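First comes the structure, then the notes that go with it.
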Amino acid sequence: MTNKSKVTLAIENFVRVANIVSNLDKILQEAKNLSLTAKNARVVALRAGDSAYGFKPITNFIDEFSELTIKTTKNISLLSSNLFAIALAVVRYSEFQQRLNTAFEITNHRDIAQLQHQGNIDLLRTMKQLESAITHLESYFEDILKQMRSAEYIAVTSRVEASNAGEFSESLQSVSNFITSAAKKIKQAINDNLKEMHLIRGALR
11 MTNKSKVTLA
21 IENFVRVANI
31 VSNLDKILQE
41 AKNLSLTAKN
51 ARVVALRAGD
61 SAYGFKPITN
71 FIDEFSELTI
81 KTTKNISLLS
91 SNLFAIALAV
101 VRYSEFQQRL
111 NTAFEITNHR
121 DIAQLQHQGN
131 IDLLRTMKQL
141 ESAITHLESY
151 FEDILKQMRS
161 AEYIAVTSRV
171 EASNAGEFSE
181 SLQSVSNFIT
191 SAAKKIKQAI
201 NDNLKEMHLI
211 RGALR
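Offset between the sequence shown (1-based) and the working numbering: plus 10.
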């Protein structure tokens with residue numbers, strides 16, 4: 011691998027990290043929408059009374075997993091800031107190493123060779139930090155995927171309960187549809203991030 015390709019890969023990884031952070035905003039927004047939907051559904055279920063009796067515990071589940079997703083996503087956001095800083099450091103070390111290599115080709119100076127050695131150590135260290143941060147983030151995304159699988163199951167159950175809610179059935183059915191839609195969007199954003207992380211990991215090897 012040439013030094014120029016290392017810089018290029020480092021920049022590409024930095025862009026991928028930026029994409030991951032952008033997708034986190036989508037996940038957090040959908041999770042907040044789910045939480046709001048749970049509150050609205052609870053109001054409708056209360057108005058529906060006994061006809062929506064089976065829907066009431068479902069709203070609690072919706073609220074629970076949406077709040078858990080919000081909490082997990084906020085934790086991820088903190089980690090992603092660190093990921094962003096590490097990815098930027100990899101770019102800077104790669105560019106510095108490239109400049110040192112160019113200078114060494116011109117002067118063949120011993121001091122530059124020592125700087126090259128130290129620069130390579132720093133570059134490898136930050137690349138390992140980036141890979142470690144990626145692995146840590148991946149476990150969080152897997153947690154959210156599990157939450158979304160639960161959400162999809164709840165959406166199916168809530169449709170059944172909503173069908174028994176009489177005049178409030180349509181309103182509660184819309185809640186079920188929204189849960190399905192939000193879960194799908196969150197899963198898509200997570201899968202996009204997992205793909206980006208896979209590419210980053212591959213570029214680091």
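Built from N, CA and C at the ideal position, the CB exists for glycine as well. Since the structure is predicted, the reported quantities are computational estimates derived from the model, not experimental observations.
- Where Phe188 is concerned, the enclosing alpha helix (DSSP H) starts and stops at 179-214.
- Counting every other CB atom within 10 Å of its CB across the protein chains shown gives Gln107 a total of 16 or more, marking it as buried.
- Here Lys36 has Ala199 as same chain residues with Cβ atoms under 6 Å from its own Cβ, once five neighbours each way along the sequence are excluded.
- CA-CA distance, Lys81 to Leu88, rounds to 11 Å.
- By the Cβ-count criterion, Tyr103 is buried, with 16 or more other Cβ atoms from all chains shown falling within 10 Å of its own Cβ.
- Taking 8 Å as the cut-off, the Cβ atoms of Leu182 and Ser168 count as close.
- Judged by their CB atoms, Ile131 and Ile196 are not nearer to each other than the 8 Å cut-off.
- By the C-beta criterion, the region 170-184 is judged to be in contact with the region 55-62, since at least 3 inter-stretch pairs fall below 8 Å.
- Spatial neighbours of Asn50 in its own chain (CB-CB distance under 8 Å, excluding positions within 5 residues in sequence) are listed in chain order as Val185.
- Taking the CA atoms as reference points, Ala95 sits about 18 Å from Gly129.
- Out of Lys156, Ser32, Arg109, Tyr163, the CA that lies nearest to the CA of Ser90 is found in Ser32.
- Between Phe65 and the set Val25, Ala213, Ile210, Val166, the nearest pair of CA atoms involves Val166.
- Here the C-alpha atom of Thr112 lies approximately 14 Å from the C-alpha atom of Gln124.
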